[in-house]
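S.K.: Submitted below is the structure of interest, expressed as structure tokens.
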Amino acid sequence: MDSHVFGITQSLSGKSWIWRPGQQERQGDGLAQQLGLPELMGRLLAARGVTSDHAAAFLDPTLRAMLPDPSSLVDMDVAAARLADAVMQGEMVGVFGDYDVDGACSTALMVTLLRQLGCEATYHVPDRLNEGYGPNTAALRGMAGRGARLIVCVDCGTAAHDAFAPLHNAVDILVLDHHKSEGPPPPIRATVNPNRLDCSSGLRQICAAAVTFLTAVALLRTLRRRGFFAGRGEPDLREFLDLVALATICDVMQLTGLNRAFVIQGLKVMARRARPGIAALLEVAKLSEAPTAMHCGFALGPRINAAGRIAEADMGLRLLLAEDEELANELAQALDAVNKQRQSVEAGISSDAMARAEAQVAGGHGIILLAQEGWHPGVVGIVAGRVKERFNRPALVAGITDGMAKGSGRSVPGIDLGAVVIAARQSGILATGGGHAMAAGFSAPETALSTFHEFLNDRLASAALLPPSAELVLDGVLGVAGADAALAQMVARLGPFGTGNDEPLFVLPRARVVKTDRIGKDGNTIRVMVEGEGGGRLKALLFRAKEGPLADALSRVGGAPLHLAGYLRAEFWQGRVSAGFFIADAAPA
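Under the working numbering, the residue at position 569 of the sequence shown is numbered 557, and the numbers go up by one with no gaps.
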């Protein structure tokens, strides 16, 4: 079978369409028969590596079955014992977080739990511009000065040897992190990190909020053994799963295995809207239905992140900690306004960045590196992601202040950007630099940027051979008449979708546009009614419908038939469910 779908090598948006590798019709059909599912569902499960033994656990994962023993993580028992000491002795505990969603969720989880257990807990979230990422000695001393005898660093700290050194013997420090380690952990009380070089827990794919949740499990277990809960109720850790789900999605963790269970169960908790901060954020994002992974990634996460990018770093955390509805609503409104400001700042940089990136690609650069005086360092990572998507090349974007460039990079599958950024730092080209395969951060003197660009192009030469746009990977063919609400709800059972568990992408062959209009605040969404060759009609939507061949084709009623690529989703409105097709691309039939 030709790997190209219907022979399409150049769609209306310039992509080639290919079938998902590993399509196994025989195994899929067998799965469908065993589980009493449509053949399409069996094939979708098989393509995701799901076998008959694991199908039930995939479709309905439970934490009871999947939660590991926290003690499998190196230093966990030490950390739990020290936290239990703090609880039983009534010590003040300081929690040092990070300014992104995972950091805010981890900090909120730890602070809330400690307060429920009777501890006084204080916290600090560093300012991105003034303090940078990770623990700094001044902030740690500040918490110790306020009376903290134990400091817990969440979503940071694995490489903070220098920041911790001056506090040796002055305060106990625990690190709960998931970032990659380059060497031995700092000489502190405990470093719980599944990505420690000596940790064999097999939990390398979990985020910091998940590490913090497992620490909470270990802490309650330790307190239970010590008799702390004799005559008093235990906190219900299930209430924290909304935070773990939100962090897992927004930190772009693999949505497989344990993470899949965390997200599915956490979204159920989130749907109850018991946490005032998340309820207020759902309200301000105008989300009335049960929240999904997509809502977390595109509506909730960006608003929490916005404060850390361009405003008060701890605003998102204060929202998650809010116990009062009025305060939560006030903070949610403020975050919404800050997010709009972030979008405006980002838009101002993006158009200039795209033009410069186009020139670099035309000039033969495999890696795109852009830097400019005045570009806000809080949004350069988002811009790098947009540039990477547009050109299918690793992209790094930096803002320059006082001769120093500070930026972020985003990569494409198969090209390890973090390793090369670390190598550039070790070679003396960068002042700071680190990351993982798909993302990295760095700082360097402006004068070193051309050398850095040469280094990137040389070490990642294969990037120059990448196609100009990413391939679109499709899962199957749907007839318009068969793309109904029942099938859409069945496909949704494969979710939550994200990294490691792509949402199925289908093709509607030879569909005709019978009705079309532009909707939305700025008219940037095209809504069409399409008719299938074998009958049936289906509503379809194209978001961010900028002018171009794709938008033009969908704006013509009665034009030539089109192959439409997109996602089949169940839509709920006033108690009724219907099917909607969300267009990703199209090609002439």
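Ideal Cβ positions, reconstructed from N, Cα and C, are used throughout, including at glycine. A quick note: this is a predicted structure, and the numbers were derived from the prediction, not measured.
Going by DSSP, what residue range makes up the beta strand (DSSP E) through ARG498?
M.R.: Start and end: 494 to 507.
S.K.: Judging by CA-CA distance, which residue of ASP224, ASP90 and ASP115 is the nearest neighbour of THR236?
M.R.: The shortest C-alpha separation from THR236 is found at ASP90.
S.K.: Of all the alpha helix (DSSP H) runs that stay within the bounds of the segment 257 to 285, which reach a length of 4 or more residues?
M.R.: DSSP runs (the alpha helix (DSSP H)) wholly in the segment 257 to 285: 264 to 272.
S.K.: Can you have a look at PRO9 and say buried or exposed, based on whether 16 or more other CB atoms are within 10 angstroms of its CB?
M.R.: PRO9 comes out exposed.
S.K.: Note the first and the last residue of the continuous beta strand (DSSP E) segment covering CYS238.
M.R.: Element bounds for CYS238: not the beta strand (DSSP E) but the alpha helix (DSSP H), 229 to 238.
S.K.: If I follow the unbroken beta strand (DSSP E) through MET342, where does it start and stop?
M.R.: Not the beta strand (DSSP E): MET342 falls in the alpha helix (DSSP H), residues 313 to 350.
S.K.: Whole angstroms is fine: what's the gap from ALA196's alpha carbon to ARG374's?
M.R.: Those two C-alpha atoms are separated by around 25 Å.
S.K.: For MET131, does the three-state DSSP call read helix, strand or coil?
M.R.: Here MET131 sits in helix by DSSP.
S.K.: Is ILE252 helix, strand or coil by DSSP?
M.R.: Helix.
S.K.: I believe LEU466 touches ALA553 by the beta-carbon criterion, under 8 Å. Please report the beta-carbon distance rounded to the nearest angstrom.
M.R.: Not quite, the Cβ-Cβ distance comes to about 11 Å (not below 8 Å), so this is no contact.
S.K.: With 16 as the cutoff for other CB atoms within 10 Å, does ASN293 come out buried or exposed?
M.R.: The residue in question, ASN293, is buried, as its Cβ has 16 or more Cβ neighbours within 10 Å.
S.K.: Within 10 angstroms of the Cβ of ARG564, are there 16 or more other Cβ atoms? Answer buried if so, exposed if not.
M.R.: So ARG564 counts as exposed.
S.K.: When burial is assigned at 16 or more other CB atoms within 10 Å of the CB, is ASN596 buried or exposed?
M.R.: With the chain covering -11 to 577 only, the question about residue 596 has no answer from this structure.
S.K.: Going by C-alpha to C-alpha distance, which of PRO455, PHE430 and CYS187 sits closest to LEU659?
M.R.: As displayed, the chain neither begins before -11 nor continues past 577, which places residue 659 out of reach and without an answer.
S.K.: Just grab the DSSP bridge partners of TRP5 for me.
M.R.: Answer by DSSP bridge pairing, in chain order: LEU460.
S.K.: Please name the residue, chosen from ALA218, LEU526, ASP463 and LEU538, that lies closest to PHE(-6) on a Cα-to-Cα basis.
M.R.: Comparing Cα-Cα distances from PHE(-6) to each of ALA218, LEU526, ASP463 and LEU538, the minimum goes to ASP463.
S.K.: Comparing C-alpha positions only, which one of HIS156, ILE370, CYS187 and ARG184 sits nearest to PRO175?
M.R.: Out of HIS156, ILE370, CYS187 and ARG184, HIS156 has the C-alpha closest to the C-alpha of PRO175.
S.K.: What residues in its chain sit with their C-beta under 7 Å from that of ARG184, if we drop five residues either side in the sequence?
M.R.: So the list reads VAL62, SER169 and PRO173, once near-sequence residues are dropped.
S.K.: Could you compute how far the alpha carbon of GLY85 sits from the alpha carbon of SER(-1)?
M.R.: So the two alpha carbons sit approximately 45 Å from each other.
S.K.: The ligand ATP and ARG398: does any heavy atom of the ligand fall closer than 8 Å to the residue's C-beta?
M.R.: This structure lacks the ligand ATP; in fact it carries no ligand of any kind.
S.K.: Kindly list the residues whose CB is nearer than 7 Å to the CB of ILE417, restricted to its own chain and excluding five residues on each side of it in sequence; keep chain order.
M.R.: So the qualifying residues of the chain are ALA432, ALA436, THR439, PHE440 and PHE443.
S.K.: Could you tell me whether the Cβ atoms of ASN247 and GLN193 are closer together than 9 Å?
M.R.: Yes.
S.K.: How would you label HIS42, buried or exposed, when you count the other beta carbons within 10 angstroms and need 16 or more for buried?
M.R.: Answer is exposed; the Cβ neighbour count stays below 16.
S.K.: Between ASP312 and ALA96, what straight-line distance do the alpha-carbon atoms span, to the nearest angstrom?
M.R.: Distance between the alpha carbons of ASP312 and ALA96 is about 15 Å.
S.K.: For the segment 99 to 163, which segments carrying the alpha helix (DSSP H) assignment without a break, of at least 4 residues, lie completely within its bounds, in sequence order?
M.R.: Counting only runs of 4 or more, we get 125 to 133 and 149 to 152.
S.K.: Span of the alpha helix (DSSP H) holding ARG14?
M.R.: It spans 13 to 23 - the alpha helix (DSSP H) in which ARG14 sits, taken as one unbroken run.
S.K.: Measure the C-alpha to C-alpha separation of LEU164 and LEU288 and round it to an integer number of angstroms.
M.R.: So the alpha carbons of these two residues sit roughly 24 Å apart.
S.K.: For the alpha helix (DSSP H) that contains VAL479, what are its first and last residues?
M.R.: Note, VAL479: alpha helix (DSSP H), 473 to 480.
S.K.: Just list the alpha helix (DSSP H) runs in the segment 185 to 228, keeping only unbroken ones of 4 residues or longer that don't cross its boundaries, in chain order.
M.R.: Correct list: 196 to 213.
S.K.: Please state if the CB of GLY395 and the CB of VAL408 are separated by a distance shorter than 9 Å.
M.R.: Cβ distance not < 9 Å, so VAL408 and GLY395 don't count as in contact.
S.K.: Considering only residues of the same chain and omitting the five flanking positions on each side of ILE355, which have a CB-CB separation below 6 Å?
M.R.: Answer for ILE355: PRO382, LEU444, ASN445, LEU448 and ALA451, listed in chain order.
S.K.: What runs of the alpha helix (DSSP H), each 4 residues or longer, lie entirely inside the segment 388 to 421?
M.R.: Taking only runs of at least 4 residues, the alpha helix (DSSP H) segments lying wholly in the segment 388 to 421 are 405 to 414.
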